[in-house]
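Data block below; observations after.
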């Protein structure tokens, strides 16, 4: 019997949330419902869409689609990990689909990545239906902890110095559900206490930056209070400026290195393209020159042929006229002089025809 779900009607999934998306709704065409259940913590739905691949939905809100998940995973991961000079220990709270972990593991300097996910169903279903993301969950550097992220920070990371982190990524669901605690001041205080010196935190803030201004402002105020009141823990202002300068210098160096590599690659592409263009133009000129020479040679041949034909025609007319004239002339007597003088007495024309060309030759006649 085919699976059903109350949010899928007439072959369409409809996402509607007055908290996250006030005044709007989102629909995706459904090809097949793959899984639907009520887990211990939330409603879980996985379906195959006609255009976006497999889709994971929690409590009626789309979490990821195979088509565009990379855009979110890359931005929330690479910004803090590139900003940190050398993140060795990374904590991901939420993100049971494994997408953020996949991007974290692309950084060679990471030695350990811990994932804290409250719902085991999200992990198991992601391994089955979102393998390109969940493959990171079985990596040797990854530790998966089934627990509430808030409680984990409170009971473990905030107390044990060995569990301090260089970067913490909060990949939670929307603030109007079970993840509401991840948007409170107490949670950010726990985050601060779980960081190493110069550690960094990044958190999913809102689904809509235009319609959730109040939530964004609240988060900004909370972070300003939490991280401002604890700055004294890092030492005096001179130390703070020095540490900040070192981080910025290292970040600047890494950015410049990436830019230089990209510019070098781009220049190589341009040089190769120019060489190919010049070679093509040279070949084109040669072809055009050869074609022009062929045409000119053909025209010259045509002109010379016409000129030769006209000249030959005139010569033939002249020869015919001369032959007719000589045929009508009286035959001359040949007078033989005494042998001691032996001069040339008469020149008699002799006519030969060679290859359709009439040639007139003159031959000396001698007595005897």
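Numbering (UniProt numbering), first residue to last: 1 to 368. Where a beta carbon is used, it is the ideal one built from N, C-alpha and C, also for glycine.
Check                                                                                                                  : Outcome
Option nearest residue 110 by Cα separation, candidates 51, 81, 96, 135                                                : 81
Residue(s) in a DSSP beta bridge with residue 94                                                                       : 171
Residue 235 burial status per 10 Å Cβ neighbour count (16 or more: buried)                                             : Note that residue 235 scores 42 on pLDDT, short of 50, meaning its location in the model is unreliable; the coordinates nonetheless yield the value given after this. Per the 10 Å Cβ criterion, exposed.
Helix, strand or coil at residue 133 [DSSP, three-state]                                                               : helix
Residue 13 to residue 270 span [Cα, whole Å]                                                                           : 47 Å
Outcome for residue 215 when other beta-carbon atoms lying within 10 angstroms are tallied against a minimum of 16     : buried
Whole-angstrom distance between residue 276 and residue 129, CA atom to CA atom                                        : 46 Å
Alpha helix (DSSP H) runs contained entirely in the region 47-132, provided each spans 4 or more residues              : 69-83, 99-104, 120-129
Own chain residues within Cβ distance below 7 Å of residue 238, not counting five before or after                      : Because the pLDDT of residue 238 is 45, which lies under 50, any placement of that residue in the model is unreliable, and the question is left without a value.
Proximal residues to residue 66 (C-beta, below 6 Å), its chain only, five neighbours per side dropped                  : 53, 54
Rounded C-alpha distance that separates residue 10 from residue 143                                                    : 42 Å
Through-space distance from residue 292 to residue 285, alpha-carbon basis                                             : 10 Å
When 256, 266, 132, 63 are compared against residue 172, the one with the closest alpha-carbon                         : 63
Residue 104 vs residue 90 beta-carbon contact at 8 Å                                                                   : yes
contact_flag[the region 144-158, the region 71-87] where n(CB pairs < 8 Å) is 3 or more                                : no
Burial state of residue 75, where buried means 16 or more other Cβ atoms lie within 10 Å                               : exposed
Per-residue burial, residue 260 [other beta carbons within 10 Å of its own, 16 or more giving buried]                  : exposed
Unbroken beta strand (DSSP E) run spanning residue 143, endpoints                                                      : 142-146
Under 8 Å between C-beta atoms of residue 43 and residue 60                                                            : yes
Close-in-space but distant-in-sequence residues of the same chain around residue 46 (CB under 6 Å, 5 per side omitted) : 34, 35, 56, 125, 129
Reduced DSSP secondary structure (H/G/I, E/B, other) of residue 199                                                    : strand
Continuous beta strand (DSSP E) stretch holding residue 34: start and end                                              : 25-38
Close Cβ partners of residue 39 (< 6 Å) along its chain, the five nearest in sequence each way excluded                : 119, 121
Burial state of residue 204, where buried means 16 or more other Cβ atoms lie within 10 Å                              : buried
Residues near residue 5 by beta carbon distance below 7 Å, same chain, minus five either side                          : 33, 36, 45
Residue from 29, 223, 41, 8 with nearest C-alpha to residue 202                                                        : 223
Bridge-paired residues (DSSP) for residue 8                                                                            : 13
Cross-strand partners of residue 165 (DSSP beta bridge)                                                                : 195
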